[in-house]
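The sequence shown lines up with residues 34 to 282 when you count with my numbering.
We treat Cβ as the ideally placed atom computed from N, Cα and C, and that holds for glycine.
Some notes on the structure that comes next.
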Amino acid sequence: MTTILLARHGQASFGEENYDQLSALGQQQAKMLGQHYATTQRRIDAIFSGSLIRQQESARHFWETYQPLMSADNMLVSDLTLPDNSMIEAFNEFNHKDVFIKSNPAFSSKEAIAEELAKSDAPKARLAELFNVAMQRWHKGDNDMDYMESWPQFSVRAQQALEQARAQAEQLSHIGRDSTILVFTSGGIIAAITAHLLQQGSRTAYQLNKSLVNTGVTSITIQEQAPRLLSLNEYSHLFADGKRFVTWR
Numbered sequence: 034m035t036t037i038l039l040a041r042h043g044q045a046s047f048g049e050e051n052y053d054q055l056s057a058l059g060q061q062q063a064k065m066l067g068q069h070y071a072t073t074q075r076r077i078d079a080i081f082s083g084s085l086i087r088q089q090e091s092a093r094h095f096w097e098t099y100q101p102l103m104s105a106d107n108m109l110v111s112d113l114t115l116p117d118n119s120m121i122e123a124f125n126e127f128n129h130k131d132v133f134i135k136s137n138p139a140f141s142s143k144e145a146i147a148e149e150l151a152k153s154d155a156p157k158a159r160l161a162e163l164f165n166v167a168m169q170r171w172h173k174g175d176n177d178m179d180y181m182e183s184w185p186q187f188s189v190r191a192q193q194a195l196e197q198a199r200a201q202a203e204q205l206s207h208i209g210r211d212s213t214i215l216v217f218t219s220g221g222i223i224a225a226i227t228a229h230l231l232q233q234g235s236r237t238a239y240q241l242n243k244s245l246v247n248t249g250v251t252s253i254t255i256q257e258q259a260p261r262l263l264s265l266n267e268y269s270h271l272f273a274d275g276k277r278f279v280t281w282r
């Protein structure tokens, strides 16, 4: 039986010039997951990630924490695939900018966005509100032709990503029948895969996406090539120092 663990990346830089990088808190979240898996002797046989920076950085910070601790306990997994050589682009998140701009073409200009946010006493909250409206439009399905990648297309890609991780892991010489694969990806991908396994549509996926915690882990087992949801959004590793590490961006 193969187990695939889908971990959402650590906190990214929401509201900053470059969203696609981990915040200092996001780096710590990934390290906490690595420490948790090492101290509980959770064996990881292969690591994959999407090609987005926040996904790759999450994998790297996890690995740099996990690997030395496992070595100290003589639990190092030999020939573990390093994140740098294990990118699967199908695990990349949907194009946030495209979804946002298509909800209001005026937002194609940074100046227009800044002007809109300047009207609010809480700019980041206002940005989150505008993005929520954009997400609802994308998920609704009435304007699929507007997007570079519609929700149905994205959902199909998410299912293909899961299958690609399974198939790619099987090609590794050290992978056995009872293996665990860790994938650092994004909330949209995890929500799409989970909704599909639950035989639900875009509305459920959207609600799931909003609840997924940074570095929260969703577990899927695969037997005879049939995936089954085992657990969703597990993030107990973030409570090592109280609730301050629990974030959703």
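Report all residues from its chain with a CB closer than 6 Å to the CB of His270; omit the five preceding and five following residues, and keep chain order. As a first step, residue 270 is located in the sequence shown; it is residue number 237 there, counting from the start. Answer for His270: Met65, Leu66 and His69, listed in chain order.
Measuring only the C-alpha atoms, how far is Leu113 from Ile80? By one-based count along the sequence shown, residue 113 stands at place 80. By one-based count along the sequence shown, residue 80 stands at place 47. Per-residue confidence for Leu113 stands at a pLDDT of 45, beneath the threshold of 50, marking its modelled position as unreliable; the derived number appears in the next sentence. The straight-line gap from Cα to Cα measures roughly 8 Å.
Just list the alpha helix (DSSP H) runs in the stretch 211–247, keeping only unbroken ones of 4 residues or longer that don't cross its boundaries, in chain order. 220–230 and 235–244
Tell me whether Val250 is buried or exposed, calling it buried when 16 or more other Cβ atoms sit within 10 Å of its Cβ. Counting from one through the sequence shown, the residue named residue 250 turns up at place 217. With 16 or more Cβ atoms within 10 Å of its Cβ, Val250 is classed as buried.
Could you pull the start and end residues of the alpha helix (DSSP H) that Asn165 belongs to? Here the question's residue 165 lines up with position 132 in the sequence shown. First-last of the alpha helix (DSSP H) with Asn165: Pro156 to Lys173.
Mapping DSSP to helix, strand and coil, what is Gln60? For the purposes of this step, residue 60 is identified with residue 27 of the sequence shown, where counting begins at 1. Looking at Gln60 - three-state DSSP - the assignment turns out to be helix.
Pick from Lys143, Leu241 and Arg93 that is closest to Asn51, judged by C-alpha positions: For the purposes of this step, residue 51 is taken as the residue at position 18 of the sequence shown. It is Lys143 whose Cα lies nearest to the Cα of Asn51.
Pairs of beta-carbons, one from the stretch 243–257 and one from the stretch 219–227, closer than 8 Å: are there three or more? yes
Taking Val216 and Phe124 to be in contact with their CB atoms under 8 Å, please state how far apart those CB atoms are, rounded to whole angstroms. In the sequence shown, residue 216 corresponds to position 183, counting from 1. In the sequence shown, residue 124 corresponds to position 91, counting from 1. That belief holds up - the Cβ atoms of Val216 and Phe124 are roughly 6 Å apart, short of 8 Å.
With a threshold of 16 other CB atoms inside 10 Å of the CB of Phe272, please say whether the residue is buried or exposed. The sequence position of residue 272 within the sequence shown is 239, counting from 1. When all chains shown are included, Phe272 counts as exposed.
Cβ pair count under 8 Å reaching 3, the stretch 179–188 against the stretch 150–165: no
Just list the residues that DSSP pairs Thr35 with in beta bridges. Numbered from 1 along the sequence shown, position 2 holds the residue referred to as residue 35. BP columns for Thr35 point to Ile255.
Report the option in Gly275, Ser212, Leu205 and Gln201 whose CA atom is closest to the CA atom of Ser252. For this step, residue 252 is matched to residue 219 along the sequence shown. Among Gly275, Ser212, Leu205 and Gln201, the Cα nearest to that of Ser252 is on Ser212.
Could you work out which residue in Ala92, Glu122, Asn137 and Ser141 is closest to Gln197 when comparing CA atoms only? As a first step, residue 197 must be located in the sequence shown, where it is residue number 164. Among Ala92, Glu122, Asn137 and Ser141, the Cα nearest to that of Gln197 is on Glu122.
With a 10 Å radius around its C-beta and 16 neighbouring C-beta atoms as the bar for buried, classify Thr73 as buried or exposed. In the sequence shown, residue 73 corresponds to position 40, counting from 1. Thr73 comes out exposed.
Using a Cβ-Cβ cut-off of 7 Å (strictly less than) and excluding sequence neighbours within five positions of Phe127, which residues of its own chain qualify? Numbered from 1 along the sequence shown, position 94 holds the residue referred to as residue 127. Glu182, Phe187 and Gly221, listed in sequence order.
Rounded C-alpha distance that separates Ala158 from Ile146: By 1-based counting over the sequence shown, the position of residue 158 is 125. By 1-based counting over the sequence shown, the position of residue 146 is 113. Looking at the two C-alpha atoms, the distance is approximately 13 Å.
Candidates Met120, Gln44, Thr98 and Phe164, of which the one nearest Arg87 by Cα: Mapped onto the sequence shown, residue 87 falls at position 54. It is Gln44 whose Cα lies nearest to the Cα of Arg87.
State the Cα-Cα distance for the pair Ala191 and Ser84, rounded to the nearest angstrom. As a first step, residue 191 is located in the sequence shown; it is residue number 158 there, counting from the start. As a first step, residue 84 is located in the sequence shown; it is residue number 51 there, counting from the start. Using only the alpha carbons, I get a separation of about 14 Å.
What's the gap between the Cα of Thr36 and the Cα of Gln100? Working through the sequence shown from its first residue, we reach residue 36 at position 3. Working through the sequence shown from its first residue, we reach residue 100 at position 67. Straight-line Cα distance between these residues: approximately 20 Å.
According to the Cβ coordinates, are Leu39 and Ile77 closer than 9 Å? Position 6 of the sequence shown, counting from 1, holds the residue named residue 39. Position 44 of the sequence shown, counting from 1, holds the residue named residue 77. Not closer than 9 Å, so no.
N-terminal and C-terminal residue of the alpha helix (DSSP H) that Ser82 is part of: Taking the sequence shown and counting its residues from 1, one reaches residue 82 at position 49. Premise fails: Ser82 lies in the beta strand (DSSP E), Ala79 to Ser82, not in any alpha helix (DSSP H).
Alpha carbon to alpha carbon, how far is Arg282 from Gly275? Give it in angstroms, no decimals. The residue given as residue 275 occupies position 242 in the sequence shown. The residue given as residue 282 occupies position 249 in the sequence shown. Cα to Cα, the separation comes out at about 18 Å.
So the candidates are Leu241, Lys135 and Asn165; which of them puts its Cα closest to the Cα of Asp179? Position 146 of the sequence shown holds residue 179. Asp179 has its Cα closest to that of Lys135, out of Leu241, Lys135 and Asn165.
Going by DSSP, what residue range makes up the alpha helix (DSSP H) through Lys135? Here residue 135 refers to the residue found at position 102 when the sequence shown is read from its first residue. His129 to Ser136 is the span of the alpha helix (DSSP H), which, as asked, contains Lys135.
What first and last residue would you give for the alpha helix (DSSP H) that runs through Arg199? Taking the sequence shown and counting its residues from 1, one reaches residue 199 at position 166. Trp184 to Glu203 is the span of the alpha helix (DSSP H), which, as asked, contains Arg199.
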